[in-house]
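A.B. asks: This is the structure, below, for whatever I ask next.
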């Protein structure tokens, strides 16, 4: 009997194993069918003339066409072939339709995006597109649709979700454009965070967390040599301190003039920081070439949009970082005590517009009916019954021309002078961006592209009374009054999300700015030497953290007060290195983390992780002292010394003289990596690996605490591409992506860039036709019909 049971179990095991093998093999074969064709010839009747797509050995495509419409058709075709699921997710986020694909867990995202109304803005401006822009966009959309219709299989995500790709429309494309301009503001804005803190602690307490840009921090635009008592006092007493800022997401870009360049030509370096833990990565690197239209451009685009947002055209190069300008306002609306649909507009009680929207949810029989109010100030995003108040959001994107943004985005590709550059980047809707510029003539420049609201009051993060007309925005600053610079005498310009200007403006520039990375790049570029391409690349990999050397000095005092003299002597020698093998880096970072936790977790709760270090630093050093009291202990009042010593004790218990890379790790994974068998079959996860850096290093690593492993951290944001160009030879421009050009895990180009990105190695991508052909590994011919060339 026992032998029969064993035989039966063995037979069942064999059958199950066989079924798993067959299923895996079938899935593998099906998934392979979704890979794009790389070489040969594909007939596409929609083309006017033949198009050639060259790919180099790293998979980077370059499109050579005879008309712009054919070039943009091919770009849409490539975006779909390599990143279709990314296009789909992005348009669903922008239009509030994620739940149709992913179910009820994403309903909160859809609700917020529907209230913001990117789709309503798109519907408003789609009819106002210029004819040439409309033609280009239509060609791009046709390219996406054609690949979908004729591919043997959609990407594996659709097979697993049992979904189809719904046609991508012009309105959705414009919604994505609006969303992308809003997203830059979302990364930097802390309006909603302050609103929640004010609700939790009260308005007066919330002001403790709102601090101005420090007087010691550099600006992007060179400042006039004006005497400042504050600056003088700082240098007199604190010149050896480096007090930086902290922010959530970031970017770096700098330009160097010929007099500071070893080659005698202008140079530009760019490395925007975005989420790096998710595969595929954000950007798509591609070249477009149309001789007849004077179009030769190489750079990165966002799948779903046909614009080369950063890159170069052989004559000029451009890049951007997030600006940090406050381009949104939260207005507190006075609600009628008896009728919640009425609000006071300063003159009379006025009825809110009530908008109704339907959100379909995968797996649910009934859709979710979204009802929300909108006042003349914007959509109501938050309501408090206790205060009988509604809070409406006004964003600069509600006031700008989205059709003009499309025209500006296409114009970028053909830039060849600074004035055209200025006009283009300041026409990008509500995109909150610092733009850098360099050209083959030796010019370097900077322009803030953000629409700067003209406020009749000193900006505050706290809600503004929505019923007072005199507190409403009065338009935007004109071009001539926006921060900009051309060919400064010092020979360089840099932007690292720091404040752009002050002395050259006759109005206060309000927003949320960083002051950490700009200190380091200013230090490097101010050296009395000329810089090479290798220097630019080395600077991008730099992991010296001047910010946490401020906390180094604070921790030194704490260690000595606790009799830890040997450890203090060792920490004193720390040079600010945040490499993964630095033990001192781990000690400082753990101390700061624990100190924030013990001091403010009782007041802020989950909001603590959004508190920036500059605000925490000032509260820790300057008070008020009641923040040191732990509200969770009712029978005692904790002091500064007690909380600080508690943080030190926990830090030493966690640290145990281990390096930073044992606490900070990086993992890159596709969302479907959570499925074990699939993850192993398709190699959907890489890591965790020991990592280095911080939010204050040029080679940045932004991280959050691992909830499953307290005192350890996961890197979530870092350089999303690296780009360096020296105009002595534009064909030698270097690029690197974090992962690869493809979103298909079965492609050899899904993760092939990672070792380059990790180590600092670069990949040369030329722009001239002859060099493109020389480096090509694959050649794909797209022809309208047999015999057409």
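In the numbering used here, the protein residues as written are 26 to 814.
Yeah, the Cβ is synthetic: ideal placement off N, Cα and C, and Gly gets one too.
Note that the structure is predicted; figures quoted are calculated from it, not measured.
Taking the straight line between their C-alpha atoms, what separation do you get for residue 815 and residue 599?
C.D. replies: Absent from the structure is residue 815, since the part of the chain shown begins at 26 and ends at 814.
A.B. asks: For residue 780, is the classification buried or exposed, using 16 other Cβ atoms within 10 angstroms of its Cβ as the cut-off for buried?
C.D. replies: On the chain shown, residue 780 is found 755 positions in, with the first residue counted as 1. With fewer than 16 other Cβ atoms within 10 Å, it is exposed.
A.B. asks: Please go through the same chain and pick out, in chain order, the residues whose beta-carbon is closer than 7 Å to the beta-carbon of residue 519, but skip the five residues on each side of it.
C.D. replies: Start at 1 with the first residue of the chain shown, and residue 519 comes out as number 494. Within the same chain, residue 519 has close Cβ partners 245, 279, 543, 546, 547, 550.
A.B. asks: If you draw a straight line from the C-alpha of residue 379 to the C-alpha of residue 397, how long is it?
C.D. replies: Taking the first residue of the chain shown as 1, we reach residue 379 at position 354. Taking the first residue of the chain shown as 1, we reach residue 397 at position 372. Cα to Cα, the separation comes out at about 6 Å.
A.B. asks: For residue 122, tell me which candidate among 756, 613, 795, 395 has the shortest Cα-Cα distance.
C.D. replies: Taking the chain shown and counting its residues from 1, the one referred to as residue 122 is at position 97. Answer by Cα proximity: 395.
A.B. asks: Between which two residues does the alpha helix (DSSP H) harbouring residue 549 extend?
C.D. replies: Here residue 549 refers to the residue found at position 524 of the chain shown. It spans 542–550 - the alpha helix (DSSP H) in which residue 549 sits, taken as one unbroken run.
A.B. asks: Just checking, does the segment 290–300 make contact with the segment 751–769 on the three C-beta pairs under 8 Å criterion?
C.D. replies: Yes, they touch.
A.B. asks: Give every residue of the same chain whose Cβ lies closer than 8 Å to the Cβ of residue 334, excluding the five residues on either side of it in the sequence, and list them in chain order.
C.D. replies: For the purposes of this step, residue 334 is taken as residue 309 along the chain shown, with counting starting at 1. Cβ neighbours of residue 334 beyond the five flanking positions: 324, 325, 326, 327, 345, 434, 437.
A.B. asks: Short of 6 Å in beta carbon distance, which residues of its chain neighbour residue 115, apart from the five on each side in sequence? Order them along the chain.
C.D. replies: Position 90 of the chain shown holds residue 115. Cβ within range, chain order: 201, 329.
A.B. asks: So residue 727 is in the alpha helix (DSSP H); what residue range does that whole segment cover?
C.D. replies: Residue 727 sits at position 702 when you count from the first residue of the chain shown. Counting along the chain, residue 727 falls outside any alpha helix (DSSP H), though it belongs to the beta strand (DSSP E) covering 727–730.
A.B. asks: Suppose contacts are defined by Cβ-Cβ distances below 8 Å. Is residue 455 in contact with residue 207 by that definition?
C.D. replies: Indexing the chain shown from 1 puts residue 455 at position 430. Indexing the chain shown from 1 puts residue 207 at position 182. It is a contact, given that the beta carbons lie within the stated cut-off.
A.B. asks: Starting from the Cα of residue 469, find the closest Cα among 441, 504, 491 and give me that residue.
C.D. replies: Start at 1 with the first residue of the chain shown, and residue 469 comes out as number 444. Per the Cα distances, 441.
A.B. asks: Which value, in whole angstroms, describes the spacing of the CA atoms of residue 87 and residue 105?
C.D. replies: Walking along the chain shown from the start, residue 87 turns up at place 62. Walking along the chain shown from the start, residue 105 turns up at place 80. Those two C-alpha atoms are separated by around 15 Å.
A.B. asks: Give the DSSP-derived three-state secondary structure of residue 183 in the structure shown.
C.D. replies: Residue mapping note: residue 183 aligns to position 158 of the chain shown, counting from 1. Correct three-state label for residue 183: helix.
A.B. asks: Are residue 569 and residue 673 close, meaning C-beta to C-beta below 8 Å?
C.D. replies: Residue mapping note: residue 569 aligns to position 544 of the chain shown, counting from 1. Residue mapping note: residue 673 aligns to position 648 of the chain shown, counting from 1. Their beta carbons are not under 8 Å apart, which means residue 569 does not touch residue 673 by this criterion.
A.B. asks: Exposed or buried, which one is residue 722 when buried takes at least 16 other CB atoms within 10 Å?
C.D. replies: Start at 1 with the first residue of the chain shown, and residue 722 comes out as number 697. Classification for residue 722: buried.
A.B. asks: Among the candidates 530, 467, 590, whose CA atom is the shortest distance from the CA of residue 503?
C.D. replies: For the purposes of this step, residue 503 is taken as residue 478 along the chain shown, with counting starting at 1. Answer by Cα proximity: 530.
A.B. asks: Once you ignore the five residues that flank residue 283 on each side, which residues in its own chain have a CB closer than 7 Å to its CB?
C.D. replies: Mapped onto the chain shown, residue 283 falls at position 258. Same-chain partners within the cutoff: 289, 290, 291, 467.
A.B. asks: Going by C-alpha to C-alpha distance, which of 133, 740, 528, 431 sits closest to residue 196?
C.D. replies: The sequence position of residue 196 within the chain shown is 171, counting from 1. Residue 196 has its Cα closest to that of 431, out of 133, 740, 528, 431.
A.B. asks: With DSSP as the reference, label residue 624 as helix, strand or coil.
C.D. replies: Here the question's residue 624 lines up with position 599 in the chain shown. The answer is helix: DSSP assigns residue 624 an H, G or I state.
A.B. asks: At what residues does the alpha helix (DSSP H) containing residue 444 begin and finish?
C.D. replies: By 1-based counting over the chain shown, the position of residue 444 is 419. Taken as a continuous stretch (DSSP letters only), the alpha helix (DSSP H) holding residue 444 covers 443–450.
A.B. asks: Going straight from the alpha carbon of residue 406 to that of residue 60, what length do you get?
C.D. replies: Walking along the chain shown from the start, residue 406 turns up at place 381. Walking along the chain shown from the start, residue 60 turns up at place 35. One C-alpha to the other measures close to 42 Å.
A.B. asks: Give the secondary structure of residue 38 by DSSP, where H, G and I count as helix, E and B as strand, and everything else as coil.
C.D. replies: Translated into the one-based positions of the chain shown, residue 38 becomes position 13. Bear in mind that the predicted position of residue 38 carries a pLDDT of just 48, short of 50, making it unreliable; the figure below should be weighed with that in mind. Three-state result, residue 38: helix.
A.B. asks: If you pair each beta-carbon of the segment 554–566 with each one of the segment 701–713, do three or more pairs fall below 8 Å?
C.D. replies: No, they do not touch.
A.B. asks: Between residue 91 and residue 66, how many whole angstroms is the CB-CB distance? I'm expecting something under 8 Å.
C.D. replies: Indexing the chain shown from 1 puts residue 91 at position 66. Indexing the chain shown from 1 puts residue 66 at position 41. Going by Cβ atoms, the distance from residue 91 to residue 66 rounds to 17 Å, so no, they are not a contact pair.
A.B. asks: Find out if the Cβ-Cβ distance for the pair residue 697, residue 189 is shorter than 8 Å.
C.D. replies: To locate residue 697, count along the chain shown from 1; it is residue 672. To locate residue 189, count along the chain shown from 1; it is residue 164. No, these two residues do not count as a Cβ contact at 8 Å.
A.B. asks: Compare the Cα-Cα distances from residue 639 to each of 541, 339, 731 and report the closest residue.
C.D. replies: On the chain shown, residue 639 is found 614 positions in, with the first residue counted as 1. Nearest of 541, 339, 731 to residue 639, Cα basis: 541.
A.B. asks: With burial defined as no fewer than 16 other Cβ atoms inside 10 Å of the residue's Cβ, what is the status of residue 810: buried or exposed?
C.D. replies: In the chain shown, the residue the question calls residue 810 occupies position 785. Flag for residue 810 reads exposed.
A.B. asks: Along the chain, which unbroken stretches of the beta strand (DSSP E) at least 3 residues long are found entirely within the segment 289–322?
C.D. replies: Segments of the beta strand (DSSP E) lying fully in the segment 289–322: 292–300, 309–315.
A.B. asks: Mind the definition here: the segment 309–319 touches the segment 724–734 only if three or more C-beta pairs lie below 8 Å; say whether that holds.
C.D. replies: No, the segment 309–319 is not in contact with the segment 724–734.
A.B. asks: Confirm, please, whether the CB-CB distance from residue 296 to residue 744 is below 8 Å.
C.D. replies: The count along the chain shown starts at 1 and reaches residue 744 at position 719. The count along the chain shown starts at 1 and reaches residue 296 at position 271. Yes.
A.B. asks: Any idea if residue 40 is buried or exposed, counting beta-carbon neighbours within 10 angstroms, 16 or more meaning buried?
C.D. replies: Within the chain shown, residue 40 is the residue found at index 15, counting from 1. The pLDDT assigned to residue 40 is 45, lower than 50, so where the model puts this residue is not dependable; a value taken from the coordinates is nonetheless given after this. Exposed: under 16 other Cβ atoms inside 10 Å.
A.B. asks: Which word fits residue 82, buried or exposed, when buried means at least 16 other C-beta atoms lie within 10 angstroms of its C-beta?
C.D. replies: Position 57 of the chain shown, counting from 1, holds the residue named residue 82. Exposed is the call here.
A.B. asks: From residue 393 to residue 729, what does the alpha carbon distance come to, in whole angstroms?
C.D. replies: Position 368 of the chain shown holds residue 393. Position 704 of the chain shown holds residue 729. Near 33 Å, if we compare the C-alpha coordinates of residue 729 and residue 393.
A.B. asks: Would DSSP call residue 376 helix, strand or coil?
C.D. replies: Looking up residue 376 in the chain shown gives position 351. DSSP places residue 376 in strand when its eight states are reduced to three.
A.B. asks: Decide if the segment 623–643 is in contact with the segment 596–613; the criterion is three or more beta carbon pairs, one per stretch, under 8 Å apart.
C.D. replies: Contact between the segment 623–643 and the segment 596–613 is absent, because fewer than three Cβ pairs lie under 8 Å.
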